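Working notes for the structure below.
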Amino acid sequence: MSLPLMPGISLKRDLGKEKFHKSQHFDYSNGVPLMVGAEKPGIGGELLLGQSSRPLSSLFPKGEGSAAPTWLAFDKQVLCFDAYFQEAVVQSREETTRVRKCKIYFYLEDDTIQVVEPELKNSGIPQGTLIRRHRIPLIAPNDGQFYNLHHFNINQEIVFYSRTFMITDCDPFTRNFLRKMGVRLNSPTAAPSDPYSTLRQDLEDSMKPLRPYERQDTLKQFLEHDRDVLRFYCYWDDTQNMFGDPRELVLHYFLADDTIEIREVVYPNSGRDAVPKFLNRSKVPKCGPTPVRQPGEISDRTVLNVFGPMGQGGRYILDSLKTGAVQEEFYKDCDLTIGGVINVWGRKVLICDCDNFTKEYYRTKYGIEDFTPVQYKAPPPPKTARQMPPYTGFGSEEDSLCSCQGLLPKPPQKDFRKLMEKDRQGLESNILRFVGKMATDNLIDKERTFIISFYLSDDTIVVFEPTQRNSGVVGGKFLERSRVKKPGQQLFKSQMSEYYKAQDLYVGAKICINSQPFQLVDADEYAFNYMEQHAEEFPRANIGTILSKLKSIQEEKQKEIKRFLAISDPGNSGLIPYESFRSLLADTDCQLSEHEIMMLGRTFSLREQPEQNVGFMLAVAQDHLRKKHFESFSDMLRAFIHKDRDRTGHLCTREARTICKAFRLPLADDLLRALLQKYENESGKMDYNAFLSGINWRENPSPPLQPDDALKFDIDWNGEAVGPAVVTVNYSILLDDVFGSVGNGNITEEVQRSPLSNMTPT
13 MSLPLMPGIS LKRDLGKEKF HKSQHFDYSN GVPLMVGAEK PGIGGELLLG QSSRPLSSLF
73 PKGEGSAAPT WLAFDKQVLC FDAYFQEAVV QSREETTRVR KCKIYFYLED DTIQVVEPEL
133 KNSGIPQGTL IRRHRIPLIA PNDGQFYNLH HFNINQEIVF YSRTFMITDC DPFTRNFLRK
193 MGVRLNSPTA APSDPYSTLR QDLEDSMKPL RPYERQDTLK QFLEHDRDVL RFYCYWDDTQ
253 NMFGDPRELV LHYFLADDTI EIREVVYPNS GRDAVPKFLN RSKVPKCGPT PVRQPGEISD
313 RTVLNVFGPM GQGGRYILDS LKTGAVQEEF YKDCDLTIGG VINVWGRKVL ICDCDNFTKE
373 YYRTKYGIED FTPVQYKAPP PPKTARQMPP YTGFGSEEDS LCSCQGLLPK PPQKDFRKLM
433 EKDRQGLESN ILRFVGKMAT DNLIDKERTF IISFYLSDDT IVVFEPTQRN SGVVGGKFLE
493 RSRVKKPGQQ LFKSQMSEYY KAQDLYVGAK ICINSQPFQL VDADEYAFNY MEQHAEEFPR
553 ANIGTILSKL KSIQEEKQKE IKRFLAISDP GNSGLIPYES FRSLLADTDC QLSEHEIMML
613 GRTFSLREQP EQNVGFMLAV AQDHLRKKHF ESFSDMLRAF IHKDRDRTGH LCTREARTIC
673 KAFRLPLADD LLRALLQKYE NESGKMDYNA FLSGINWREN PSPPLQPDDA LKFDIDWNGE
733 AVGPAVVTVN YSILLDDVFG SVGNGNITEE VQRSPLSNMT PT
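Residue numbers (the numbering used here): 13 to 774.
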């Protein structure tokens, strides 16, 4: 009873088989029908009974590497074996057999074999490739198969087309590869020597003393040092001869062929012809000038006359001892050293210096480290100070000085590098603004406020006076942009005048502009930040220099400062008001300027950013728009709605600012940026409906501004007043940095023992 089969299981053997061909067993060879497939498989390549599979190519064990095919994995990998074979020689008395050495190359990618015999000089035998690269069949009766990797080993014979090769050795790569394949290698053996080759070598060795073959190989030197030239700076003293003078020379030594070339340094207006070369490129003898030689006296080889007349008909041989040869020594690179004297055809030339390539060459090849140049020139006389005529008073001092430096007057050159580095770049204005007051006893002039702007790009100063209502003084530009001279200098003098620089301006400084003294009382936030970032240029803003001044005060003043700070902080919180801190340092005589005290307050302070009033900002904006007669609010609304594709009522702040600039909204950049930020939400978009409603002075007018408020706001937004105000100072950190680790408890104990404990801070 047959059992049922599971789905997908069948007892039919041909299921899934694709090949059903039958191998060819009969063929013609030289016109004779033969049976050629006795060992070929059956139908579909299946083995018959009693047959074993014979691989067509080498089988490699599967390792952990990539599963790439053989032609790709073993590309350009070849096994190399040393071998020889013996060849019979007939009709020769000198030799009966000849030993010929060759190389066997086995290509791993396709099991092809190539046999190459190295070419020997004057062998008389066609050498080179003996067997071209192809798969070589085995000897009969296995001539249906081919040689593979497992047929090779050291110290064994192998037959290629009825010629027996003896494998003697292999290269390291082949040895390594065969060991990894599991082949046990035999010991290498030596190939026998060829009797006739030994005889020929002995014959050549015996003939060498009689016919010496001298060869001077200069190709290697040329290939290694082509275009490599050593440069020396030389000096030739020709003052002993009539009309002679010192000469400066440049010696070039060519490493490619040991030749020397010398050029003379000819200065302008020296009275000498500018000849191209002082010495043409050639080898320079050490004992020059040499005597005149006869033709043939100097030659590469020496010839001896054996017998017969001189000239034609005589017998000559080469003289191996070189009897009578003239030896001439030439300068080499080892003879050229700094401080040495060389003979250039009877002229004593002193080597004084060399270039960097020459120094590196001698340091690498000869290990020389001392390249101290030889001083052959007298030091030049000191230049006489050029006396400039005094300033005439016409034009600027720089312009008058340029007219004295040449026949053709040129305009004074500006510092373009400083101009490019310190010019305005985006929001970086590079302008330091200070608030100044007139230093005078006049009550009206004392109340006047001036904005002093210093441009870092060209060290110019602009003084502007803001308009104050009902002050009786017309505001506006007080000084055009120009450089300002320091006071106390003569007008008509030869030296250039000193002008005010950025380091001369700081809070508390007194400057004189056109005979009018000013005192700087404040600065804007950009000026403070710029000085802090460039503290190495501004010592008044260098917190390290300020702390060093505090550390150098006397101990009594230090104790007084600690006691006053403790009295000013009864709650022991470590904080005191800035005004008390300022009055303390000003009264203690610490030799600190007002700017340095403000830097201490800014460094050890708790800053509070004042919050701007939106209503006040809108009132200022409407006031500006009303004065400029701007009424395009409906057009701006349509532009905002056109950009708002989703009709959300909100737009990106950057796009809103672009629209405002497109309509030429007459508002300052700082004021416009602040207003847009006030109407901005968390996602970075602003409510343009509320913004337009706030600045619309026609429909939603704001209350009128007071004169003082308008002036104060203009100063703040134009950048001439300070930004964040310093309210409190953390004096505990300041004491730790200046006087070491001081706790509040220790300060309190000193105050209780001090007679100043009953004082109240001002």
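The C-beta atom is built at its ideal place from N, Cα and C for all residues, glycine as well.
Please read these numbers as outputs of a predicted model, since none were measured by experiment.
DSSP-derived helix/strand/coil call for residue i
| i | result |
| --- | --- |
| R305 | coil |
| H12 | Residue 12 lies beyond the residue range present for the chain, which begins at 13 and ends at 774; the question has no answer from this structure. |
| P551 | helix |
| F319 | strand |
| D365 | strand |
| N742 | strand |
| N701 | helix |
| E121 | coil |
| I310 | coil |
| Q817 | This structure cannot settle anything about residue 817, because the visible part of the chain is limited to 13 through 774. |
| H662 | strand |
| E381 | coil |
| A820 | This structure does not reach residue 820, given that the chain is present from 13 up to 774, and the question cannot be answered. |
| F576 | helix |
| I775 | No information on residue 775 is available, as it lies outside the stretch 13 to 774 that the chain covers here. |
| K113 | strand |
| G524 | The sequence as given places Cys at residue 524; Gly does not occur at that position. Here C524 sits in strand by DSSP. |
Residues bridged to residue i [DSSP beta-bridge criterion]
| i | result |
| --- | --- |
| D39 | L46 |
| S178 | Per the sequence shown, residue 178 should be read as Met rather than Ser. Its beta-bridge partners are Y96, E169. |
| E567 | BP columns for E567 are empty, so no partner. |
| Q502 | The partner list for Q502 (beta bridge, DSSP) is empty, contrary to what the question assumes. |
| S617 | V741 |
| E440 | Q437 |
| M450 | F530 |
| I274 | L263, L291 |
| A268 | DSSP, once it has assigned bridges, lists no residue as partnering A268. |
| G488 | E477 |
| N355 | K360 |
| W248 | R259, V361 |
| E129 | G140 |
| L330 | V315 |
Residue i to residue j span [Cα, whole Å]
| i | j | result |
| --- | --- | --- |
| L150 | M193 | 22 Å |
| A631 | L717 | 7 Å |
| V475 | G488 | 9 Å |
| L261 | I272 | 12 Å |
| A702 | L688 | 10 Å |
| K295 | L242 | 14 Å |
| I671 | L420 | 54 Å |
| T479 | I464 | 15 Å |
| C416 | K505 | 14 Å |
| Y279 | F290 | 15 Å |
| V127 | I179 | 12 Å |
| Q515 | F550 | 6 Å |
| S412 | M400 | 10 Å |
| R594 | Y467 | 30 Å |
| P713 | L491 | 38 Å |
| L190 | P184 | 10 Å |
With 16 other Cβ atoms within 10 Å as the buried cut-off, status of residue i
| i | result |
| --- | --- |
| K458 | exposed |
| S564 | exposed |
| F32 | exposed |
| H662 | buried |
| W357 | exposed |
| T740 | buried |
| W248 | buried |
| G613 | buried |
| F675 | exposed |
| C346 | exposed |
| E732 | With a pLDDT of 40 at E732, under the threshold of 50, the predicted position of this residue should be treated as unreliable, though the coordinate-derived value follows. Flag for E732 reads buried. |
heavy atom of the ligand ATP below 6 Å from residue i C-beta
| i | result |
| --- | --- |
| M629 | The ligand ATP is not part of the structure shown, which contains no ligands of any sort. |
| message | Using 8 Å as the cut-off, can you tell me whether the stretch 418-428 makes contact with the stretch 487-497, which would need three or more C-beta pairs spanning the two stretches below that distance? | response | Result no; under three Cβ-Cβ pairs closer than 8 Å.
| said: Can you confirm whether the stretch 573-580 touches the stretch 594-606 when touching is taken to mean that 3 or more C-beta pairs between the two stretches lie within less than 8 Å? | reply: Counting C-beta pairs closer than 8 Å gives three or more between the stretch 594-606 and the stretch 573-580, which meets the contact rule.
| task | Could you tell me whether the stretch 450-465 touches the stretch 522-541, using the rule of 3 or more Cβ pairs below 8 Å? | result | Judged by Cβ distances under 8 Å, the stretch 450-465 makes contact with the stretch 522-541, as three or more pairs qualify.
| task | Check whether the stretch 122-131 touches the stretch 153-161, counting contact only when three or more Cβ pairs, one atom from each stretch, lie closer than 8 Å. | result | Yes, since at least three Cβ pairs between the stretch 122-131 and the stretch 153-161 fall closer than 8 Å, the two stretches touch.
| said: Taking contact to mean 3 or more Cβ pairs, one atom from each stretch, closer than 8 Å, check whether the stretch 632-648 and the stretch 697-713 are in contact. | reply: Counting Cβ pairs under 8 Å, three or more are found: they touch.
| query | Touch check for the stretch 166-174 and the stretch 196-204: three-plus C-beta pairs under 8 Å? | reply | The stretch 166-174 makes contact with the stretch 196-204; the number of CB pairs closer than 8 Å reaches 3 or more.
| message | Counting beta carbon pairs with one atom in the stretch 250-266 and one in the stretch 322-332, are three or more of them shorter than 8 Å? | response | Taking 8 Å as the limit for Cβ pairs, the verdict is that the stretch 250-266 does not touch the stretch 322-332.
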